[in-house]
Amino acid sequence: MNRRGSFLLALLAAALIALPAFADNYLLSVATLCLFFAYTGQAWNIMMGFAGQLSLGHALYLGVGGYTAGALYFHYGVSPWIGVWFAIFVCIALGAFLGALAFRSGISGVYFTLLTIAFAEFARIGFDHFTWVGGSAGLFLKVSQQNWLDLRGPPALYYYVMLMLAALAFGLSAWLLRRRPGYYWQAIRENEEAASALGIDTFRWKLVAVVTSAAMTAVSGVFLVFYYNNLFPEQIFSINRSVEIILAPIIGGMGTLFGPIIGAALISLLADGATELVDVLGWNIPGVKQIIYGLILFAVVVFLPHGIWPSIARKLNLER
Amino acid sequence: MPIDFVSLTNVIISGILTGLVYGLMALGLSVIFGIARVVNFAHGEMMTLAMYASVIAFSTFGLNPFIAVLPVAALFFVLGYAMQRWIVNPFVTRPEHSQFMLLLSIAIILMNGQLMLFGPDAQSVRLDSLLESIELGPLLIDRGKLYAALVAVGTTAALFGFFRFTRGGTAIRACADNWLGAKVVGLDVNQLYALAFGLGTLCVAVAGCMMILLIDLTPAIGPGYTLLAFVIVIVGGLGSMNGALLGGVLIGLSEALAGLLILPSAKSMFSFALLIVVLLLRPRGLLGGNR
Numbered sequence: 001m002n003r004r005g006s007f008l009l010a011l012l013a014a015a016l017i018a019l020p021a022f023a024d025n026y027l028l029s030v031a032t033l034c035l036f037f038a039y040t041g042q043a044w045n046i047m048m049g050f051a052g053q054l055s056l057g058h059a060l061y062l063g064v065g066g067y068t069a070g071a072l073y074f075h076y077g078v079s080p081w082i083g084v085w086f087a088i089f090v091c092i093a094l095g096a097f098l099g100a101l102a103f104r105s106g107i108s109g110v111y112f113t114l115l116t117i118a119f120a121e122f123a124r125i126g127f128d129h130f131t132w133v134g135g136s137a138g139l140f141l142k143v144s145q146q147n148w149l150d151l152r153g154p155p156a157l158y159y160y161v162m163l164m165l166a167a168l169a170f171g172l173s174a175w176l177l178r179r180r181p182g183y184y185w186q187a188i189r190e191n192e193e194a195a196s197a198l199g200i201d202t203f204r205w206k207l208v209a210v211v212t213s214a215a216m217t218a219v220s221g222v223f224l225v226f227y228y229n230n231l232f233p234e235q236i237f238s239i240n241r242s243v244e245i246i247l248a249p250i251i252g253g254m255g256t257l258f259g260p261i262i263g264a265a266l267i268s269l270l271a272d273g274a275t276e277l278v279d280v281l282g283w284n285i286p287g288v289k290q291i292i293y294g295l296i297l298f299a300v301v302v303f304l305p306h307g308i309w310p311s312i313a314r315k316l317n318l319e320r
Numbered sequence: 001m002p003i004d005f006v007s008l009t010n011v012i013i014s015g016i017l018t019g020l021v022y023g024l025m026a027l028g029l030s031v032i033f034g035i036a037r038v039v040n041f042a043h044g045e046m047m048t049l050a051m052y053a054s055v056i057a058f059s060t061f062g063l064n065p066f067i068a069v070l071p072v073a074a075l076f077f078v079l080g081y082a083m084q085r086w087i088v089n090p091f092v093t094r095p096e097h098s099q100f101m102l103l104l105s106i107a108i109i110l111m112n113g114q115l116m117l118f119g120p121d122a123q124s125v126r127l128d129s130l131l132e133s134i135e136l137g138p139l140l141i142d143r144g145k146l147y148a149a150l151v152a153v154g155t156t157a158a159l160f161g162f163f164r165f166t167r168g169g170t171a172i173r174a175c176a177d178n179w180l181g182a183k184v185v186g187l188d189v190n191q192l193y194a195l196a197f198g199l200g201t202l203c204v205a206v207a208g209c210m211m212i213l214l215i216d217l218t219p220a221i222g223p224g225y226t227l228l229a230f231v232i233v234i235v236g237g238l239g240s241m242n243g244a245l246l247g248g249v250l251i252g253l254s255e256a257l258a259g260l261l262i263l264p265s266a267k268s269m270f271s272f273a274l275l276i277v278v279l280l281l282r283p284r285g286l287l288g289g290n291r
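This is how it looks when you write it as structure tokens:
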């Protein structure tokens with residue numbers, strides 16, 4: 001990162017920290033969701049963008065993480081600040097299980113992607129019948145007033161939590177990219193056989209990527225439960241969720257640090273703009289928003305296969 | 001719950017008949033993957049589109065699905081051909097995930113387009129002539145399922161015949177075996193890929209016209225059937241035509257039995273468990289070749 005880049009980054013950070021002082025609750029909720037997608041996209045990016053393992057089942061970690069912390073709070077009153085560690089632990093175990101199964105039996109490419117979907121679908125149907133956490137009727141958390149220990153508070157609290165997470169994820173990704181794991185992952189992504197021939201333990205490093213990504217996504221899940229106070233298997237584990245997660249990094253630019261952030265900002269703006277436009281035109285029928293997502297994804301995949309960040313970076317004279 | 005022999009046999013027959021239609025749907029996916037090398041992530045959405053087409057044919061023109069299947073299949077063949085030619089083909093040389101996302105975006109557009117056009121309410125086609133079951137002693141066979149399975153088997157047989165005995169079919173198989181070799185001997189590879197894609201969408205269109213007799217249609221069922229088709233071809237072996245049929249029958253059976261023995265709503269959990277087991281034990285599927 002050159003000096004110009006650092007300056008721009010500092011400016012962005014200052015603006016984001018100061019935002020709640022100016023913004024109303026609506027804008028703050030849009031910004032919170034935007035940061036949510038930036039953070040979760042960053043998590044997915046580690047697995048796909050860095051290590052080249054395409055997961056279309058990240059809703060699995062979102063759901064399992066959310067259910068773990070949600071159920072601990074619901075049944076035993078465990079604070080989400082503690083529950084999140086259990087969620088991370090469970091998702092690490094789950095990611096390690098999935099990754100080890102897949103990579104041990106040499107499953108890669110399309111087959112790996114389908115395995116991730118199968119696990120998420122399996123979990124969706126499983127949780128539908130898991131009555132301890134409400135089954136298909138859903139899990140509802142008590143809405144208590146203003147207690148930050150239970151992650152209850154004004155919109156600014158959620159905003160700052162998500163801002164902190166997004167900043168941490170950005171820092172972690174930047175750090176990993178400059179260290180051994182980052183180089184190993186990129187080598188595996190570009191050519192797994194060559195990486196293996198160079199002596200990289202590809203099994204181990206692919207597993208590390210899956211586990212890191214799973215742990216980070218678990219935190220997103222916990223946030224989502226305590227933000228919305230409810231959890232339904234049909235929603236949290238749905239393939240639409242998994243697709244929603246991957247939009248930001250793909251549109252922004254896979255494998256880049258700023259891609260997920262730019263992508264998240266763009267889809268939040270577009271989604272918001274689209275909602276308003278649809279209201280104005282009176283086309284308020286289900287499916288409009290998703291079809292706009294679909295068209296954007298289509299346009300990006302066809303015309304900007306590397307996402308929009310690389311071209312912005314070139315214009316601004318930043319490296320990547 | 002004690003299960004008597006007769007109801008068990010009925011469930012098995014119904015599972016096999018449904019499985020044959022599943023098999024045809026999955027055959028489409030298998031042809032598209034095995035020959036055009038495209039992972040068709042919009043397969044289920046294409047099937048629901050064909051189902052809507054046959055609903056419209058029935059409600060507007062009074063055509064029953066057994067007749068509507070002909071124009072719908074022809075239309076889908078052209079659509080599939082055009083789609084491969086102008087949208088998917090430029091992606092053949094791009095990385096795998098790029099093509100994957102292209103089809104995913106097409107799936108999203110198709111599904112939500114259907115949601116916008118046709119609304120979320122369930123639709124179906126019920127023919128009075130199919131209401132009465134065929135009685136074979138104590139066994140009851142659903143007429144709709146039986147005829148749907150016969151059409152599926154007929155289409156499959158025609159496709160097998162095409163690949164086995166015609167010049168076009170042989171050329172397509174050559175192309176699937178060795179892309180470069182096919183090019184060297186002067187085959188128009190792009191043309192053949194588009195032809196294969198068209199045949200794949202034709203299969204899914206016929207399967208869709210038959211499925212409308214068996215299940216209720218909403219736009220939301222698309223992704224589920226995409227996954228089901230993948231489960232079937234992976235269980236049978238991606239790229240293997242016999243495997244797709246075998247996989248279809250196996251999944252149809254396992255769904256029917258799971259519905260009877262465990263919980264109807266857990267039936268697809270059974271299929272996903274089967275997928276995970278097959279992927280782990282025999283990643284190339286039951287009838288897939290060794291790598």
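Chain order of the listed sequences is A and B.
Position 59, counted from 1, in the first sequence is what our numbering calls 59; the numbers after and before it change by one each time, with no gaps.
Position 82, counted from 1, in the second sequence is what our numbering calls 82; the numbers after and before it change by one each time, with no gaps.
Even for Gly, the Cβ is constructed at its ideal location relative to N, Cα and C.
> Which residues mark the beginning and the end of the alpha helix (DSSP H) in which I46 (chain A) is found?
Replying inline: To locate residue 46 (chain A), count along the first sequence from 1; it is residue 46. Careful: I46 (chain A) lies outside any alpha helix (DSSP H) and carries neither H nor E.
>> Under 6 Å: does the beta carbon of A14 (chain A) sit that close to some heavy atom of the ligand COA?
In response: Ligands are entirely absent from the displayed structure, and the ligand COA is therefore not among its contents.
> Any idea if L224 (chain A) is buried or exposed, counting beta-carbon neighbours within 10 angstroms, 16 or more meaning buried?
Replying inline: The sequence position of residue 224 (chain A) within the first sequence is 224, counting from 1. Buried.
>> Assuming contact is defined by CB atoms lying nearer than 7 Å, are I292 (chain A) and W44 (chain A) in contact in what I supplied?
In response: One-based indexing of the first sequence puts residue 292 (chain A) at position 292. One-based indexing of the first sequence puts residue 44 (chain A) at position 44. The answer is no: Cβ separation not under 7 Å.
> Name the chain B residues that come within less than 9 Å of H337 (chain A), Cβ to Cβ?
Replying inline: A question about residue 337 (chain A) goes unanswered here, because the residues of chain A that appear run from 1 up to 320.
>> Based on DSSP bridge pairs, tell me the residues matched to I134 (chain B).
In response: Here residue 134 (chain B) refers to the residue found at position 134 of the second sequence. B:I141.
> Between T156 (chain B) and F237 (chain A), what straight-line distance do the alpha-carbon atoms span, to the nearest angstrom?
Replying inline: Residue 156 (chain B) sits at position 156 when you count from the first residue of the second sequence. Residue 237 (chain A) sits at position 237 when you count from the first residue of the first sequence. Rounded to whole angstroms, T156 (chain B) to F237 (chain A) spans 35 Å at the Cα level.
> Could you give the distance in angstroms between the alpha-carbon of M83 (chain B) and the alpha-carbon of T201 (chain B)?
Replying inline: Here residue 83 (chain B) corresponds to residue number 83 of the second sequence, with the count starting at 1. Here residue 201 (chain B) corresponds to residue number 201 of the second sequence, with the count starting at 1. Straight-line Cα distance between these residues: approximately 10 Å.
>> Is I291 (chain A) close to chain B? Criterion is C-beta to C-beta, closer than 7 Å.
In response: Within the first sequence, residue 291 (chain A) is the residue found at index 291, counting from 1. Output row for I291 (chain A): interface = yes.
> For a contact meaning CB atoms closer than 8 Å, what does V243 (chain A) contact in chain B?
Replying inline: For this step, residue 243 (chain A) is matched to residue 243 along the first sequence. Correct list: L104, I108.
> Is P233 (chain A) buried or exposed, if buried means 16 or more other CB atoms sit within 10 Å of its CB?
Replying inline: Here residue 233 (chain A) is taken as the residue at index 233 of the first sequence, counted from 1. Classification for P233 (chain A): buried.
> In the structure shown, what three-state DSSP assignment does Q123 (chain B) receive?
Replying inline: Reading the second sequence from its first residue, position 123 is the one you call residue 123 (chain B). Strand at Q123 (chain B).
> Using the beta-carbon count (16 or more within 10 Å), is L261 (chain B) buried or exposed?
Replying inline: One-based indexing of the second sequence puts residue 261 (chain B) at position 261. By the 10 Å Cβ count, L261 (chain B) comes out exposed.
>> Against chain A, does I276 (chain B) count as a neighbour if the rule is that its beta carbon must be under 7 Å from one of theirs?
In response: The count along the second sequence starts at 1 and reaches residue 276 (chain B) at position 276. With 7 Å as the cut-off, I276 (chain B) counts as an interface residue toward chain A.
> Taking three-plus beta-carbon pairs below 8 Å as touching, is the stretch 262-274 of chain A in contact with the stretch 85-92 of chain B?
Replying inline: No, the stretch 262-274 of chain A is not in contact with the stretch 85-92 of chain B.
> Could one say the Cβ of H43 (chain B) lies closer than 7 Å to chain A's Cβ atoms, at least one of them?
Replying inline: Translated into the one-based positions of the second sequence, residue 43 (chain B) becomes position 43. It does not: the Cβ of H43 (chain B) has no partner Cβ on chain A nearer than 7 Å.
>> In the DSSP assignment, the alpha helix (DSSP H) including W85 (chain A) goes from what residue to what residue?
In response: Here residue 85 (chain A) refers to the residue found at position 85 when the first sequence is read from its first residue. Here the alpha helix (DSSP H) through W85 (chain A) covers 80-104.
> Quick one: which chain B residues come within Cβ less than 9 Å of A274 (chain A)?
Replying inline: If you number the first sequence from 1, residue 274 (chain A) lands on position 274. By Cβ distance, chain B contributes nothing, its closest Cβ being about 12 Å from A274 (chain A), past 9 Å.
> Hey, how far is the Cα of C209 (chain B) from the Cα of F163 (chain B)?
Replying inline: As a first step, residue 209 (chain B) must be located in the second sequence, where it is residue number 209. As a first step, residue 163 (chain B) must be located in the second sequence, where it is residue number 163. Each residue's alpha carbon lies about 23 Å from the other.
> Can the beta-carbon of S242 (chain A) be found closer than 7 Å to that of G57 (chain A)?
Replying inline: Within the first sequence, residue 242 (chain A) is the residue found at index 242, counting from 1. Within the first sequence, residue 57 (chain A) is the residue found at index 57, counting from 1. Yes. Within cutoff.
> Going straight from the alpha carbon of Y61 (chain A) to that of F97 (chain A), what length do you get?
Replying inline: Counted from its first residue, the first sequence places residue 61 (chain A) at position 61. Counted from its first residue, the first sequence places residue 97 (chain A) at position 97. Roughly 12 Å between the two C-alpha positions.
> Going by Cα to Cα distance, which pick from A:P20, A:G65, A:T202, A:F74 is closest to Y158 (chain A)?
Replying inline: Within the first sequence, residue 158 (chain A) is the residue found at index 158, counting from 1. Of the listed residues, the one whose Cα sits closest to Y158 (chain A) is A:P20.
> Mapping DSSP to helix, strand and coil, what is L275 (chain B)?
Replying inline: Taking the second sequence and counting its residues from 1, the one referred to as residue 275 (chain B) is at position 275. Looking at L275 (chain B) - three-state DSSP - the assignment turns out to be helix.
> How about Y236 (chain A): is its C-beta nearer than 7 Å to some C-beta of chain B?
Replying inline: Sequence index remark: in the first sequence, residue 236 (chain A) carries index 236 (1-based). The identity of residue 236 (chain A) in the sequence shown is Ile, whereas the question assumes Tyr. Not closer than 7 Å to any Cβ of chain B, the Cβ of I236 (chain A) fails to qualify, so no.
> Beta-carbon separation of A38 (chain A) and A264 (chain A) under 7 Å?
Replying inline: Taking the first residue of the first sequence as position 1, residue 38 (chain A) is located at position 38. Taking the first residue of the first sequence as position 1, residue 264 (chain A) is located at position 264. Yes, these two residues count as a Cβ contact at 7 Å.
> Relative to the C-alpha of G19 (chain B), which residue among B:A266, B:I232, B:S265 is closest?
Replying inline: Locating residue 19 (chain B) in the second sequence gives position 19, where the first residue counts as 1. For the residues B:A266, B:I232, B:S265, the minimum Cα distance to G19 (chain B) belongs to B:I232.
> Tell me which same chain residues have a C-beta within less than 6 Å of the C-beta of I117 (chain A), skipping the five on either side of it?
Replying inline: By 1-based counting over the first sequence, the position of residue 117 (chain A) is 117. Counting only Cβ-Cβ distances below 6 Å, and skipping sequence neighbours, we find L56, G57.
>> I need the straight-line Cα distance from N147 (chain A) to F86 (chain A), nearest angstrom please.
In response: What you label residue 147 (chain A) is simply residue 147 of the first sequence in a count that begins at 1. What you label residue 86 (chain A) is simply residue 86 of the first sequence in a count that begins at 1. Computed Cα separation, rounded: 21 Å.
>> Please classify T93 (chain B) as buried or exposed, where buried requires at least 16 neighbouring CB atoms within 10 angstroms.
In response: On the second sequence, position 93 is the one that residue 93 (chain B) refers to. Its Cβ having fewer than 16 others within 10 Å, T93 (chain B) is exposed.
> If we cut at 7 Å on Cβ distances, does L94 (chain A) have a partner in chain B?
Replying inline: In the first sequence, counting from the first residue as 1, residue 94 (chain A) sits at position 94. Using a Cβ-Cβ cut-off of 7 Å, L94 (chain A) does not count as an interface residue toward chain B, since no Cβ of chain B sits closer than that to its own.
> For L198 (chain A), which of helix, strand or coil comes out of DSSP?
Replying inline: If you number the first sequence from 1, residue 198 (chain A) lands on position 198. If DSSP states are grouped into helix, strand and coil, L198 (chain A) belongs with coil.
> Quick one: Cα of M269 (chain B) to Cα of A93 (chain A), how far?
Replying inline: Counting from one through the second sequence, the residue named residue 269 (chain B) turns up at place 269. Counting from one through the first sequence, the residue named residue 93 (chain A) turns up at place 93. Going from the Cα of M269 (chain B) to the Cα of A93 (chain A) covers about 21 Å.
> Checking contacts by CB at 7 Å: is V39 (chain B) closer than that to chain A?
Replying inline: What you label residue 39 (chain B) is simply residue 39 of the second sequence in a count that begins at 1. Yes - at least one Cβ of chain A is within 7 Å of the one on V39 (chain B).
>> By the three-class DSSP mapping on this structure, what secondary structure does L187 (chain B) have?
In response: As a working note, residue 187 (chain B) is residue 187 in the second sequence. Coil.
> What in chain A is Cβ-close to I56 (chain B), meaning under 9 Å?
Replying inline: Mapped onto the second sequence, residue 56 (chain B) falls at position 56. Result: empty, since nearest Cβ-Cβ is about 18 Å, beyond 9 Å.
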